[in-house]
Amino acid sequence: MKTRALVVGGVVVLAGLLLRGPVGLGGVPERERGRPIRVEVLNGSGVNRAGQGLAEHLRAEGFDVVDIRNADRADYEETVVLDRAGNRRFAESVARELGAGDPVTHRDEDLLLEVTVILGRDRAKEFVGGVP
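Using my numbering, the first residue of the sequence shown is number 14, and each one after it goes up by one.
Shown next, in the form of structure tokens:
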């Protein structure tokens, strides 16, 4: 009876990993070898310090924010999540955390990160002054 329970438990764990991918603390998917997902935050909202607040929020949720700066422009109406590594589950995890729309695949292997978030005006005020 114990053997059967162990086999069933193993199958459930394996199925979970296949469906969701490796999961770290707090349910945040991790890259291979247990490293957190690397994210860059670009403030495209025009709201001062909102990008810093978003970065603090993502770090508190277990993501590795490797860069914070202004986007190419400051008039993004909506927050955009970009898949930079060609592995959508990483970008989907970030988008889910932010309540953002579906990620857009825009690979850039030179960046050495998995996800870019361009913070738009729709979410900027939530992150002014730090973690909401």
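Note that beta-carbon positions come from the ideal geometry of N, C-alpha and C, so glycine has one too.
Q) residue 137 and residue 120 look like a contact to me (Cβ under 8 Å); what is the Cβ gap, rounded to whole Å? A) Within the sequence shown, residue 137 is the residue found at index 124, counting from 1. Within the sequence shown, residue 120 is the residue found at index 107, counting from 1. Actually they do not touch by this definition, with Cβ atoms about 26 Å apart.
**Q.** residue 71 - DSSP class collapsed to helix/strand/coil
**A.** Here residue 71 is taken as the residue at index 58 of the sequence shown, counted from 1. Residue 71 falls in the helix class under three-state DSSP.
Q: Return the Cβ separation of residue 59 and residue 90 in integer angstroms, given the expectation that the two are a contact with Cβ distance under 8 Å.
A: Within the sequence shown, residue 59 is the residue found at index 46, counting from 1. Within the sequence shown, residue 90 is the residue found at index 77, counting from 1. 11 Å between Cβ atoms; not a contact.
Q: Whole angstroms is fine: what's the gap from residue 103's alpha carbon to residue 76's?
A: Start at 1 with the first residue of the sequence shown, and residue 103 comes out as number 90. Start at 1 with the first residue of the sequence shown, and residue 76 comes out as number 63. Rounded to whole angstroms, residue 103 to residue 76 spans 10 Å at the Cα level.
**Q.** For residue 135, the three-state DSSP class (helix, strand or coil)
**A.** Stepping through the sequence shown from its first residue, residue 135 is reached at position 122. Here residue 135 sits in helix by DSSP.
Q) Taking residue 95 as the reference, which of 123, 61 and 116 has the closest Cα? A) The sequence position of residue 95 within the sequence shown is 82, counting from 1. Per the Cα distances, 116.
Q: For residue 95, write down the residues that DSSP places opposite it in a beta bridge.
A: Here the question's residue 95 lines up with position 82 in the sequence shown. 117 and 129, per the DSSP bridge assignment.
Q: Tell me whether residue 141 sits in a helix, a strand or coil according to DSSP, three-state version.
A: As a first step, residue 141 is located in the sequence shown; it is residue number 128 there, counting from the start. Note: residue 141 maps to coil in three-state DSSP.
**Q.** Pairwise C-alpha distance: residue 55 and residue 131
**A.** Position 118 of the sequence shown holds residue 131. Position 42 of the sequence shown holds residue 55. Looking at the two C-alpha atoms, the distance is approximately 5 Å.
Q. In whole angstroms, what separates the C-alpha of residue 8 from that of residue 66?
A. Because the chain here runs from 14 to 145, residue 8 falls outside it and cannot be looked at.
**Q.** CA-to-CA distance, residue 47 to residue 86, given in whole angstroms
**A.** Translated into the one-based positions of the sequence shown, residue 86 becomes position 73. Translated into the one-based positions of the sequence shown, residue 47 becomes position 34. Each residue's Cα considered, the two are about 34 Å apart.
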